[in-house]
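J.:
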Amino acid sequence: GRLSTFYENWLDITSDPSVLEAIQGYRIPFSGGIPSRFTHPEPVFSQADTLLCDNELERLQLKEAIVPAEPCTDQFLSSFFLIDKPSGGKRLILNLRDLNQYIDPPHFKFFAFLPFILLPRVLRKIVDDKATGMVVMPWWPSQAWFPLFCHLLASEPLFLLPNRLLLSSPFRDQHPAWRSLSLGVAKLSGKRLRTD
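Residue numbers (the working numbering): 92 to 287.
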(Lines of atoms letter the chains of each structure in order from A and count residues from 1; the text may use other names and numbers.)
(Lines give C-alpha, C1' and ligand atoms only; values in the text may rest on other atoms or scores of the structure.)
Protein backbone atom coordinates (compact mmCIF):
# COMPACT_ATOMS: atom_id res chain seq x y z
CA GLY A 1 0.00 0.00 0.00
CA ARG A 2 0.92 3.66 0.26
CA LEU A 3 2.84 3.16 3.52
CA SER A 4 5.59 1.36 1.61
CA THR A 5 6.39 4.58 -0.27
CA PHE A 6 7.41 6.12 3.08
CA TYR A 7 9.67 3.20 4.08
CA GLU A 8 12.80 5.38 4.18
CA ASN A 9 11.06 7.77 6.60
CA TRP A 10 10.12 4.86 8.86
CA LEU A 11 13.80 3.86 9.04
CA ASP A 12 14.43 7.22 10.74
CA ILE A 13 11.72 6.44 13.28
CA THR A 14 12.27 2.79 14.21
CA SER A 15 14.45 -0.25 13.67
CA ASP A 16 11.75 -2.66 14.91
CA PRO A 17 11.72 -5.45 12.29
CA SER A 18 8.02 -6.23 12.76
CA VAL A 19 7.06 -2.59 12.12
CA LEU A 20 9.35 -2.31 9.09
CA GLU A 21 8.05 -5.59 7.67
CA ALA A 22 4.45 -4.39 8.05
CA ILE A 23 5.31 -1.12 6.29
CA GLN A 24 6.72 -3.00 3.30
CA GLY A 25 3.51 -4.98 2.88
CA TYR A 26 1.68 -7.75 4.64
CA ARG A 27 2.49 -11.28 3.52
CA ILE A 28 -0.39 -13.73 3.83
CA PRO A 29 0.67 -16.78 5.92
CA PHE A 30 -0.58 -19.64 3.73
CA SER A 31 -0.61 -23.03 5.46
CA GLY A 32 0.48 -24.94 2.38
CA GLY A 33 -0.33 -25.21 -1.26
CA ILE A 34 -3.34 -23.26 -2.40
CA PRO A 35 -5.54 -25.08 -4.88
CA SER A 36 -6.15 -23.20 -8.09
CA ARG A 37 -9.64 -22.02 -8.89
CA PHE A 38 -9.87 -20.88 -12.50
CA THR A 39 -13.55 -20.06 -12.58
CA HIS A 40 -16.06 -18.63 -10.21
CA PRO A 41 -19.64 -17.59 -10.86
CA GLU A 42 -19.79 -13.87 -11.47
CA PRO A 43 -22.20 -11.94 -9.26
CA VAL A 44 -25.29 -10.48 -10.90
CA PHE A 45 -25.86 -6.79 -10.21
CA SER A 46 -28.36 -4.21 -11.33
CA GLN A 47 -27.19 -1.72 -13.94
CA ALA A 48 -26.72 0.94 -11.24
CA ASP A 49 -24.70 -1.42 -9.02
CA THR A 50 -22.60 -2.56 -12.00
CA LEU A 51 -21.71 1.08 -12.68
CA LEU A 52 -20.89 1.57 -8.99
CA CYS A 53 -18.59 -1.51 -9.07
CA ASP A 54 -16.86 -0.29 -12.23
CA ASN A 55 -16.29 3.15 -10.71
CA GLU A 56 -14.97 1.67 -7.46
CA LEU A 57 -12.58 -0.66 -9.30
CA GLU A 58 -11.31 2.29 -11.34
CA ARG A 59 -10.86 4.37 -8.17
CA LEU A 60 -8.90 1.55 -6.49
CA GLN A 61 -6.67 1.22 -9.56
CA LEU A 62 -5.96 4.96 -9.57
CA LYS A 63 -4.94 4.72 -5.90
CA GLU A 64 -2.79 1.69 -6.81
CA ALA A 65 -4.61 -0.36 -4.17
CA ILE A 66 -5.26 -2.95 -6.90
CA VAL A 67 -3.65 -3.67 -10.26
CA PRO A 68 -5.04 -5.47 -13.31
CA ALA A 69 -3.83 -9.06 -13.55
CA GLU A 70 -3.54 -11.53 -16.40
CA PRO A 71 -4.98 -15.04 -15.96
CA CYS A 72 -2.36 -17.50 -14.70
CA THR A 73 -2.17 -21.22 -13.89
CA ASP A 74 -2.19 -20.87 -10.10
CA GLN A 75 -4.90 -18.22 -9.78
CA PHE A 76 -7.59 -18.42 -7.12
CA LEU A 77 -10.68 -16.50 -8.15
CA SER A 78 -13.09 -15.06 -5.61
CA SER A 79 -16.33 -13.21 -6.05
CA PHE A 80 -17.26 -9.85 -4.59
CA PHE A 81 -20.42 -8.30 -3.25
CA LEU A 82 -21.78 -4.93 -2.18
CA ILE A 83 -22.77 -3.85 1.31
CA ASP A 84 -24.57 -0.70 2.38
CA LYS A 85 -22.40 1.93 4.05
CA PRO A 86 -23.76 3.54 7.24
CA SER A 87 -23.23 6.93 5.60
CA GLY A 88 -25.17 5.92 2.49
CA GLY A 89 -23.93 4.42 -0.73
CA LYS A 90 -22.37 1.00 -1.08
CA ARG A 91 -18.98 -0.58 -0.48
CA LEU A 92 -17.36 -3.25 -2.64
CA ILE A 93 -16.22 -6.31 -0.63
CA LEU A 94 -13.99 -9.10 -1.95
CA ASN A 95 -15.34 -12.43 -0.69
CA LEU A 96 -12.31 -14.31 0.67
CA ARG A 97 -14.23 -16.83 2.77
CA ASP A 98 -13.12 -19.81 0.62
CA LEU A 99 -9.49 -18.67 0.64
CA ASN A 100 -9.40 -18.35 4.46
CA GLN A 101 -9.31 -22.14 4.91
CA TYR A 102 -5.79 -22.13 3.40
CA ILE A 103 -4.43 -19.45 5.73
CA ASP A 104 -2.70 -20.14 9.03
CA PRO A 105 -2.99 -16.76 10.77
CA PRO A 106 -0.57 -15.87 13.55
CA HIS A 107 -1.87 -14.72 16.91
CA PHE A 108 -3.82 -11.65 15.88
CA LYS A 109 -2.45 -8.28 16.80
CA PHE A 110 -4.34 -5.34 15.43
CA PHE A 111 -3.21 -2.15 13.76
CA ALA A 112 -5.51 0.85 14.14
CA PHE A 113 -5.34 4.25 12.52
CA LEU A 114 -8.91 5.35 12.90
CA PRO A 115 -10.95 8.52 13.03
CA PHE A 116 -9.84 10.39 16.13
CA ILE A 117 -13.36 10.65 17.49
CA LEU A 118 -13.44 6.84 17.93
CA LEU A 119 -10.34 6.68 20.16
CA PRO A 120 -12.16 6.54 23.53
CA ARG A 121 -14.30 3.61 22.39
CA VAL A 122 -11.35 1.78 20.84
CA LEU A 123 -9.24 2.18 24.00
CA ARG A 124 -12.13 0.77 26.04
CA LYS A 125 -12.43 -2.16 23.60
CA ILE A 126 -8.70 -2.87 23.97
CA VAL A 127 -9.21 -3.11 27.73
CA ASP A 128 -12.37 -5.24 27.49
CA ASP A 129 -10.83 -7.68 24.99
CA LYS A 130 -7.36 -7.62 26.56
CA ALA A 131 -6.16 -6.99 23.01
CA THR A 132 -2.64 -6.11 21.90
CA GLY A 133 -1.73 -4.08 18.83
CA MET A 134 -0.36 -0.93 17.27
CA VAL A 135 -2.31 2.33 17.38
CA VAL A 136 -1.63 5.57 15.54
CA MET A 137 -3.29 8.48 17.28
CA PRO A 138 -2.99 12.22 17.77
CA TRP A 139 -0.67 13.24 20.60
CA TRP A 140 -3.24 15.14 22.66
CA PRO A 141 -2.31 14.92 26.39
CA SER A 142 -5.20 17.23 27.35
CA GLN A 143 -7.84 14.75 26.14
CA ALA A 144 -9.83 12.77 28.71
CA TRP A 145 -8.79 9.45 27.12
CA PHE A 146 -5.04 10.21 27.23
CA PRO A 147 -4.37 8.78 30.76
CA LEU A 148 -5.97 5.48 29.71
CA PHE A 149 -3.80 5.47 26.59
CA CYS A 150 -0.70 5.93 28.82
CA HIS A 151 -1.76 3.03 31.08
CA LEU A 152 -2.10 0.75 28.05
CA LEU A 153 1.35 1.53 26.62
CA ALA A 154 3.34 -1.64 25.99
CA SER A 155 6.15 0.15 24.14
CA GLU A 156 7.75 3.54 23.97
CA PRO A 157 5.68 5.66 21.60
CA LEU A 158 7.20 6.82 18.34
CA PHE A 159 6.43 10.41 17.39
CA LEU A 160 5.51 11.60 13.93
CA LEU A 161 6.03 15.35 13.91
CA PRO A 162 3.82 17.71 11.91
CA ASN A 163 4.23 17.21 8.19
CA ARG A 164 2.11 18.30 5.25
CA LEU A 165 1.97 14.72 3.91
CA LEU A 166 1.28 13.00 7.23
CA LEU A 167 -2.51 12.93 6.91
CA SER A 168 -3.16 13.15 3.19
CA SER A 169 -6.49 12.09 1.76
CA PRO A 170 -8.07 11.61 -1.66
CA PHE A 171 -10.56 14.31 -0.63
CA ARG A 172 -8.09 17.07 0.27
CA ASP A 173 -4.40 17.86 -0.07
CA GLN A 174 -3.65 17.78 3.65
CA HIS A 175 -5.31 17.72 7.04
CA PRO A 176 -6.46 21.20 8.18
CA ALA A 177 -4.34 20.94 11.36
CA TRP A 178 -1.21 19.51 9.71
CA ARG A 179 1.02 22.35 10.95
CA SER A 180 0.42 21.53 14.62
CA LEU A 181 -0.69 17.90 14.69
CA SER A 182 1.81 15.34 15.97
CA LEU A 183 0.94 11.66 15.95
CA GLY A 184 2.04 8.95 18.33
CA VAL A 185 2.53 5.33 17.25
CA ALA A 186 2.63 2.80 20.06
CA LYS A 187 1.96 -0.78 20.95
CA LEU A 188 -0.96 -0.95 23.39
CA SER A 189 -2.09 -3.90 25.48
CA GLY A 190 -5.29 -4.35 27.46
CA LYS A 191 -3.48 -7.05 29.45
CA ARG A 192 -1.52 -4.30 31.22
CA LEU A 193 -4.62 -2.87 32.92
CA ARG A 194 -6.39 -4.64 35.77
CA THR A 195 -10.15 -4.42 35.48
CA ASP A 196 -11.15 -6.07 38.79
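Idealized CB from N, CA, C, for every residue including glycine.
1) State yes or no: is the C-beta of I114 within less than 9 Å of the C-beta of L94?
2) Note down, one range per segment and in chain order, each alpha helix (DSSP H) of at least 4 residues found wholly within the stretch 136 to 167.
3) Are S276 and V218 close, meaning C-beta to C-beta below 9 Å?
4) Curious, which full-length alpha helix (DSSP H) runs of at least 4 residues does the stretch 248 to 284 contain?
5) Short of 8 Å in beta carbon distance, which residues of its chain neighbour L243, apart from the five on each side in sequence? Order them along the chain.
6) At the level of alpha carbons, what is the spacing between L173 and L153?
7) Taking only three categories from DSSP, how would you classify D220?
8) Excluding sequence positions up to five away, which residues of its chain have a Cβ less than 8 Å from the Cβ of N254?
9) Inspect the CB distances between the stretch 198 to 212 and the stretch 124 to 140 and report whether three or more fall short of 8 Å.
10) If you drop the 5 nearest sequence neighbours on each side, which residues of the same chain put their C-beta closer than 6 Å to that of D287?
11) Identify the residues that DSSP records as bridge partners of L173: which are they?
12) To the nearest angstrom, report how far apart G123 and S233 are at their CA atoms.
13) In terms of residue numbering, what span does the beta strand (DSSP E) encompassing A113 cover?
14) What would DSSP say about I104, mapped onto helix, strand or coil?
15) Buried or exposed for F240, going by 16 or more other Cβ atoms inside 10 Å?
T.: From the atom records:
1) Counting from one through the sequence shown, the residue named residue 114 turns up at place 23. Counting from one through the sequence shown, the residue named residue 94 turns up at place 3. Closer than 9 Å, so yes.
2) 138 to 153
3) Counting from one through the sequence shown, the residue named residue 276 turns up at place 185. Counting from one through the sequence shown, the residue named residue 218 turns up at place 127. Just to set this straight, residue 276 is Val in the shown sequence, not Ser. No, the pair does not count as a contact, with Cβ atoms beyond the cut-off.
4) none
5) Within the sequence shown, numbered from 1, the residue matching residue 243 stands at position 152. Result list for L243: L214, I217, V218, L279, S280, G281, R283, L284, in chain order.
6) Locating residue 173 in the sequence shown gives position 82, where the first residue counts as 1. Locating residue 153 in the sequence shown gives position 62, where the first residue counts as 1. So the alpha carbons of these two residues sit roughly 20 Å apart.
7) For the purposes of this step, residue 220 is taken as the residue at position 129 of the sequence shown. Three-state result, D220: helix.
8) On the sequence shown, residue 254 is found 163 positions in, with the first residue counted as 1. Counting only Cβ-Cβ distances below 8 Å, and skipping sequence neighbours, we find W269.
9) no
10) The sequence position of residue 287 within the sequence shown is 196, counting from 1. With a pLDDT of 47 at D287, under the threshold of 50, the modelled position of this residue cannot be trusted, and the question is left open.
11) Residue numbering aside, residue 173 sits at position 82 when the sequence shown is read from its first letter. DSSP lists L183 as partners of L173.
12) Locating residue 123 in the sequence shown gives position 32, counting from the first residue. Locating residue 233 in the sequence shown gives position 142, counting from the first residue. Whole-angstrom Cα-Cα distance: 49 Å.
13) Here residue 113 is taken as the residue at index 22 of the sequence shown, counted from 1. Counting along the chain, A113 falls outside any beta strand (DSSP E), though it belongs to the alpha helix (DSSP H) covering 108 to 115.
14) Numbered from 1 along the sequence shown, position 13 holds the residue referred to as residue 104. Helix, per DSSP.
15) Position 149 of the sequence shown, counted from the start, is the residue given in the question as residue 240. F240 should be labelled buried.
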